[in-house]
Amino acid sequence: MAFEKRPGDRNGEIFMPIIEVAGLTKQFRTKVKETGLKGSFRSLIMPEYLTVKAVENIGFQVEQGEILAFMGPNGAGKSTTIKMLTGILYPTAGKIQVLGLNPTRNRRQLAFRIGTVFGQKSQLWFHLPPQDSFRLLAGIYEIPDREFRMRVDYLVDLFDIWDLMRIPVRKLSLGQRVRCEIAASLLHKPEVIFLDEPTIGLDIVVKQKIRDLILLMNREERTTIFLTSHDVGDIEQLCRRAIIINHGAVVLNESVKNLKYNYLNYKIIAVKYSRPVSIQIPGIVKLKEKEYETAAISGESMEYAAKIAVDTKKQNLQHVVNQLMGLGEVLDITISDQPLEEIITAIYTAAPEMNANVTES
Amino acid sequence: MSLNRSWDSLVITRLKIRKYGLIIGTSFQNSLAYGANFLFDTFFYAFVLFIFLQLWRAIYGHGGAIAGYSLNQMIWYCVITEMIAFSGSNIFYSLNEEIKNGNIAYALNKPYHYISYQLANGLGLMGIKIIINGLFGVFLGLLYIGPLNGFHVNYLPLIILLVCNGLILNFFAITCLGLTAFWLEENTAFFWIYQKLSFMLGLFLPVEFFPGWLQKLALVLPFPYVFYGPARLAVAFSWEKFWPILWVQLGYSGLFLVLALLIYRKGVKSLHVNGG
Numbered sequence: 043m044a045f046e047k048r049p050g051d052r053n054g055e056i057f058m059p060i061i062e063v064a065g066l067t068k069q070f071r072t073k074v075k076e077t078g079l080k081g082s083f084r085s086l087i088m089p090e091y092l093t094v095k096a097v098e099n100i101g102f103q104v105e106q107g108e109i110l111a112f113m114g115p116n117g118a119g120k121s122t123t124i125k126m127l128t129g130i131l132y133p134t135a136g137k138i139q140v141l142g143l144n145p146t147r148n149r150r151q152l153a154f155r156i157g158t159v160f161g162q163k164s165q166l167w168f169h170l171p172p173q174d175s176f177r178l179l180a181g182i183y184e185i186p187d188r189e190f191r192m193r194v195d196y197l198v199d200l201f202d203i204w205d206l207m208r209i210p211v212r213k214l215s216l217g218q219r220v221r222c223e224i225a226a227s228l229l230h231k232p233e234v235i236f237l238d239e240p241t242i243g244l245d246i247v248v249k250q251k252i253r254d255l256i257l258l259m260n261r262e263e264r265t266t267i268f269l270t271s272h273d274v275g276d277i278e279q280l281c282r283r284a285i286i287i288n289h290g291a292v293v294l295n296e297s298v299k300n301l302k303y304n305y306l307n308y309k310i311i312a313v314k315y316s317r318p319v320s321i322q323i324p325g326i327v328k329l330k331e332k333e334y335e336t337a338a339i340s341g342e343s344m345e346y347a348a349k350i351a352v353d354t355k356k357q358n359l360q361h362v363v364n365q366l367m368g369l370g371e372v373l374d375i376t377i378s379d380q381p382l383e384e385i386i387t388a389i390y391t392a393a394p395e396m397n398a399n400v401t402e403s
Numbered sequence: 025m026s027l028n029r030s031w032d033s034l035v036i037t038r039l040k041i042r043k044y045g046l047i048i049g050t051s052f053q054n055s056l057a058y059g060a061n062f063l064f065d066t067f068f069y070a071f072v073l074f075i076f077l078q079l080w081r082a083i084y085g086h087g088g089a090i091a092g093y094s095l096n097q098m099i100w101y102c103v104i105t106e107m108i109a110f111s112g113s114n115i116f117y118s119l120n121e122e123i124k125n126g127n128i129a130y131a132l133n134k135p136y137h138y139i140s141y142q143l144a145n146g147l148g149l150m151g152i153k154i155i156i157n158g159l160f161g162v163f164l165g166l167l168y169i170g171p172l173n174g175f176h177v178n179y180l181p182l183i184i185l186l187v188c189n190g191l192i193l194n195f196f197a198i199t200c201l202g203l204t205a206f207w208l209e210e211n212t213a214f215f216w217i218y219q220k221l222s223f224m225l226g227l228f229l230p231v232e233f234f235p236g237w238l239q240k241l242a243l244v245l246p247f248p249y250v251f252y253g254p255a256r257l258a259v260a261f262s263w264e265k266f267w268p269i270l271w272v273q274l275g276y277s278g279l280f281l282v283l284a285l286l287i288y289r290k291g292v293k294s295l296h297v298n299g300g
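Those sequence lines, one after another, are chains A and B.
Note that the first sequence covers residues 43 to 403 in our numbering.
Note that the second sequence covers residues 25 to 300 in our numbering.
Structure representation (structure tokens):
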């Protein structure tokens, strides 16, 4: 199977695929063992192996300057795919081209032109301040001194990490470390950057900061960004296109606009009132409701909480919130996205409906 | 034009050399963070040597020589072998850990050869350890038994060369063992056997203490060239012994390097990085 080398034409726009993947498959062989002592002995004498398909026959393209979300629940095969794209893992079958190179055969050559951040691992030296790791990385990427100094000044400024540069990495918070990690991976001006769960474990404020930085570097340097995440917020804010994989296969590959319209149209509202109310708003789905006693000293001792889903395609969110506010004294209200797992279930079951014991009101 | 090109290639070569130099330097700096660890190591070094001192004093009783070694030579022999043992790289454990916990992923997507990177990293760590242990070892030897009889300072550079070669030979041998983690979940048994054989065949005792057939066997194995070779020549230098020891050290280092590269090349294809 050969790749089309010519630039293509889509919606009248010229596009140049920078990552091309076809029929990509990765299988692992793992030892299985029955429980107990007997099982241990048996596995010692006659080991049994199980072939696990981590990624199965996936194919997609990424264009230059694109921010692509590569999503899926835990264990879906996201990291395995990224590791194959960067040449760390060898595919069992299929073709990959990144920047016209084969990552398996031209790993080192490719390494000069791509950057990687694995949210759960670190490329900075644990006991040294980031500035030392930066200097080492500059050496590793063969960046001349003058260029390196200019680049560091630029990135340090952009990522606002002046004050962190001289603190040993082990003393940095997770958010501070991730900012340094991303800056470090940009030192050699990569054309593509792979971000594997960059926002994992971060609080909402830092998450937002990281997202802003990702957008900024995409705009400033036209860096192509390949982002994996299982946070719906990440794709909504960053990406124009999303690929969702589950159990190693592509479930969905379409624009975030369509995804939002078709599958991200549900918002979950959790609301709490100081006394029981009856929520009767047409078109909403009540997921849960509960009345409970409180140990308040004041007269009223019954509170009421409900969780409802709003289909933003059919209902105006603000309108629903206004109506909810009008029903009684609201103690607390939060609006959140539908979890990714539910979106995937919705995609599978074709009908994008909420999968709860729903009672339409 | 061609001048330009050759100038460019010179700059690129310089950058490539600088790359590994920087890794050595960074590893050196990172090791300094374990200052307390070094201190503990030097105490332990002193303690082990003290035990050997007592042991050999009891064995030598009223003087004389055993297998050609005087008490003074024997203690200095131990100073050198333990100096090498305490300065060795922990590459076996770091490879093992890195391959099993998946941190190798970050090392693999950088523009360097993984084994060269590990070597540069190991040189930084071994470099700082051998400087500390070298100075401290000489001090301990002088303190415990006095100057080494018949030692000529002219031979010092040659001894340092053999000590460094011993460290590098050991490094490549245990790199091969560590790389088996690509396939084996539990590979410490190999390391354990390697370590114990090294202890028996050179670290504790010079090869001359063994019966003739065992001496012959030992000298074709790599183990004595890590500890015995450098220490034997330090306490009794002879050109007839220097050349064979040097060549065998280099030969085995080369062999283990090639083996490590082959194991790595095959192993990295079957790499399985768990999670994250």
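C-beta atoms are modelled at their ideal positions from N, C-alpha and C, and glycine is treated no differently.
Remember, it's a predicted structure, so these values are computed and weren't measured experimentally.
Listed along the chain, the chain B residues whose CB falls inside 7 Å of the CB of Gln165 of chain A are Tyr130. When the Cα atoms are used, Val211 of chain A and Leu131 of chain A turn out to be separated by approximately 28 Å.
A Cβ-Cβ contact shorter than 7 Å links Tyr276 of chain B with Pro246 of chain B. The beta carbon of Gly78 of chain A does not come within 7 Å of any beta carbon belonging to chain B, so the residue lies off that interface. For the region 164-185 of chain A, the beta-carbon criterion of a distance under 9 Å to any beta-carbon of chain B is satisfied by Ser164, Gln165, Trp167, Phe168, His169, Leu170, Asp174, Ser175, Arg177, Leu178, Leu179, Ala180, Gly181, Ile182, Tyr183, Glu184, Ile185. The alpha-carbon of Glu233 of chain A is positioned some 10 Å away from that of Ala153 of chain A.
Taking the C-beta atoms as reference points, Cys200 of chain B is found no nearer than 7 Å to Ala109 of chain B. Of all residues in the region 136-164 of chain B, only Tyr136, His137 come within less than 8 Å of chain A when Cβ atoms are compared, listed by chain position.
Proximity of the region 220-229 of chain A to the region 160-179 of chain A meets the contact definition, three or more beta-carbon pairs being nearer than 8 Å. Across the region 114-129 of chain A, CB contacts with chain B closer than 7 Å involve Ser121, Lys125, Thr128, Gly129, in sequence order along the chain.
Take Phe215 of chain B, set aside five residues on each side of it, and the residues of its chain with a beta-carbon closer than 6 Å to its own are Phe116, Leu201, in chain order.
For Arg150 of chain A, the C-beta contacts it makes with chain B under 9 Å involve Lys134, Pro135, Tyr136, His137, in order along the chain.
Excluding residues up to 5 positions away in sequence, Asn120, Leu201, Gly202, Thr204, Ala205 lie with their Cβ nearer than 8 Å to the Cβ of Asn211 of chain B in the same chain. With respect to chain B, the C-beta atom of Thr158 of chain A has a partner C-beta closer than 7 Å. Not a single C-beta of chain B is nearer than 7 Å to the C-beta of Phe83 of chain A.
With a 10 Å radius around the Cβ and a threshold of 16 neighbouring Cβ atoms, Pro171 of chain B comes out exposed. In its chain, beyond the 5 residues on either side, Ser316 have a beta carbon closer than 6 Å to the beta carbon of Glu371 of chain A.
For Arg149 of chain A, the uninterrupted alpha helix (DSSP H) run begins and ends at 149-153, by DSSP. Looking at the DSSP output, Tyr183 of chain A shares a beta bridge with no other residue. Proximity of chain B to Ala351 of chain A at the Cβ level (cut-off 7 Å) is not reached, the minimal Cβ distance being about 32 Å. The three-state secondary structure of Leu66 of chain A, taken from DSSP, is strand. Take Gly190 of chain B, set aside five residues on each side of it, and the residues of its chain with a beta-carbon closer than 7 Å to its own are Ile108, Tyr249, Val250, Phe251, Gly253, Pro254, Gln273, in chain order. By the criterion of a C-beta distance shorter than 7 Å, Gln103 of chain A is surrounded in its chain by Pro59, Ile61, Glu62, once the five residues flanking it on both sides are discounted.
The beta-carbon separation of Phe234 of chain B and Ala242 of chain B, rounded to 6 Å, stays under the 8 Å limit for a contact. Beta bridge pairing from DSSP links Arg38 of chain B with no other residue.
For Ala225 of chain A, no CB of chain B lies under 7 Å from its own CB, so it is not counted at the interface with that chain. Chain B has no Cβ within less than 7 Å of the Cβ of Tyr303 of chain A.
Inclusion of Leu164 of chain B and Ala70 of chain B in the CB contact set at 7 Å is warranted, their separation being smaller than that value.
Counting only the Cα atoms, Leu143 of chain B lies some 27 Å from Cys102 of chain B. Membership of Tyr334 of chain A in the beta strand (DSSP E) is indicated by the continuous run 327-335. Within 9 Å of the CB of Thr50 of chain B, the CB atoms of chain A belong to Trp167, Leu170, Asp174, Ser175, Arg177, Leu178, Gly181, in sequence order along the chain.
When secondary structure is reduced to three states using DSSP, Asp245 of chain A falls in the coil class, being assigned neither helix nor strand. DSSP, reduced to helix, strand and coil, places Asn288 of chain A within a strand of the structure shown. Within the same chain, Gly325 come within 6 Å of Gln357 of chain A by CB-CB distance, once the 5 residues on both sides are set aside.
Cβ contact annotation for Thr123 of chain A (same chain, cutoff 6 Å, sequence separation greater than five): Val97, in chain order. The secondary-structure analysis by DSSP pairs Arg71 of chain A across a beta bridge with A:Thr93.
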